[in-house]
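Student: Please find one structure pasted underneath; my questions will follow.
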Amino acid sequence: MRLTREFRDQFIQHEMRTYGRKNGFVTTGQQARLERWLPVIGLPKDKTLNDADIPGGSPVVMEIGFGNGDFLVHLADMHADWTLIGVEIYLPGVAKAVGRLEDAGFIERARITQLPAQFVLERQVAEAQLDGVYINHPDPWPKARHHKRRLIQKDFAELLVSRLKAGGFIKLASDKPDLAEWMRDILDATPGLRNVAGVGGFVARDDDRPETKFEQRGHREGRKSQFLHYVKSEEDV
Ligand SMILES: C[S@@+](CC[C@H](N)C(=O)[O-])C[C@H]1O[C@@H](n2cnc3c(N)ncnc32)[C@H](O)[C@@H]1O
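Structure representation (structure tokens):
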């Protein structure tokens, strides 16, 4: 990785604590795309979404842990008025997503960051700024002693709700039953959220939802995905 110190200080996180891989091989072509696009559509560490030049009136929808960016491309294709905030700590994933969004002609409708979701939500997103959040197949951390590393935790769920507008949504998917139930139980117990399927329930898959890379992998290995859909209530919480 030959990104300059200045670029890394602005856009690349190496100092923040996260669980899961951050670095990996990035080709010269991918590096060139990162250098071309992050100064335009990246979210530098010292800026917020208020500085991100989001068109007035555009719904702001975030995907956390976007992997290779295919789902972001799908969302951009389906919703021409949305501005998409992509959050992913794995740098090669960020590089792939930037390439895919550029090739599909959607790059300028995305804001992309390699900073961890906890930092982005706490420091870079204002209260009630998001219209929706997607979280597809977050890392399962199957061992009991690693459950505290899972993305969805009580505090994180409360932070997410505070960043959503009234009426905003959170949609999640997992092909790991234990994780799907973990996320459901935490989110069902989070004040201000309504489970669209009713407490304890899962929703059917959205008709237009493509299979993400991790869903395809689960499918090949014989696992079925489960889907959750929450809406932030209109009353103050
Ligand atoms: C199992 S992969 C799923 C990728 C993609 N959503 C899919 O369905 O194919 C989980 C992704 O979440 C990312 N991730 C893990 N912790 C994160 C965090 N704190 N903030 C942002 N992304 C995170 C990982 O780097 C990884 O790419």
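When you read off a place in the sequence shown, starting at 1, and then add 741, the result is the number in the numbering used here. Yeah, the Cβ is synthetic: ideal placement off N, Cα and C, and Gly gets one too.
Residues in its own chain within less than 6 Å of I826 by CB, not counting five upstream and five downstream?
Tutor: M803 and R852
Student: Please name the residue in A845, S915, Y971 and G942 whose C-alpha comes closest to that of A907.
Tutor: Comparing alpha-carbon positions, the option among A845, S915, Y971 and G942 lying closest to A907 turns out to be Y971.
Student: With DSSP collapsed to three states, give me the class of V767.
Tutor: In the three-state reduction of the DSSP assignment, V767 falls in the coil class.
Student: Return yes when at least one heavy atom of ligand 1 lies under 8 Å from the C-beta of G830, else no.
Tutor: Note that residue 830 is Ile in the sequence shown, not Gly. At least one heavy atom of ligand 1 is nearer than 8 Å to the Cβ of I830, so yes.
Student: Is the distance from the Cβ of H888 to the Cβ of Y760 below 9 Å?
Tutor: no
Student: Looking at R749 and ligand 1, is the gap between the Cβ and the nearest heavy atom below 8 Å?
Tutor: Flag unset: Cβ of R749 not near ligand 1.
Student: Going by beta carbon distance, what residues of the same chain come within less than 7 Å of A898, once the five residues before and after it are set aside?
Tutor: I927, L928 and T931
Student: Would you be able to state if there are at least three C-beta pairs under 8 Å between the stretch 823-842 and the stretch 853-869?
Tutor: yes
Student: DSSP three-state label for N936, please.
Tutor: strand
Student: The alpha helix (DSSP H) spanning I927 covers which residue range?
Tutor: P918 to D929
Student: Less than 9 Å between the C-beta atoms of A934 and I911, yes or no?
Tutor: Residue identity check: residue 934 is Leu in the sequence provided, not Ala. Taking 9 Å as the Cβ cut-off, L934 and I911 qualify as a contacting pair.
Student: I'd like the span of the alpha helix (DSSP H) that includes A898, first residue to last.
Tutor: K895 to R904
Student: Could you tell me if D792 is buried or exposed, where buried requires 16 or more neighbouring beta carbons within 10 angstroms of its beta carbon?
Tutor: exposed
Student: For the stretch 854-873 and the stretch 780-788, state whether three or more C-beta atom pairs, one from each stretch, are separated by less than 8 Å.
Tutor: yes
Student: So within the stretch 784-868, which uninterrupted alpha helix (DSSP H) runs reach at least 4 residues, ignoring any that extend past its ends?
Tutor: 811-819 and 832-845
Student: Compute the minimum distance between the beta carbon of I805 and the heavy atoms of ligand 1, and state whether it is under 8 Å.
Tutor: yes
Student: If we cut at 9 Å on Cβ distances, does G798 have a partner in chain C?
Tutor: Considering every chain present, this structure includes no chain C. It has just one protein chain.
Student: Which residue or residues does DSSP assign as beta-bridge partners of S915?
Tutor: Q967
Student: Please classify Q865: is it buried, with 16 or more other beta-carbons within 10 angstroms of its beta-carbon, or exposed?
Tutor: buried
Student: How about F968 and D947: are their beta carbons less than 9 Å apart?
Tutor: yes
Student: When we look at the beta-carbon of D811 and count the other beta-carbons within 10 Å, is it buried (16 or more) or exposed?
Tutor: buried
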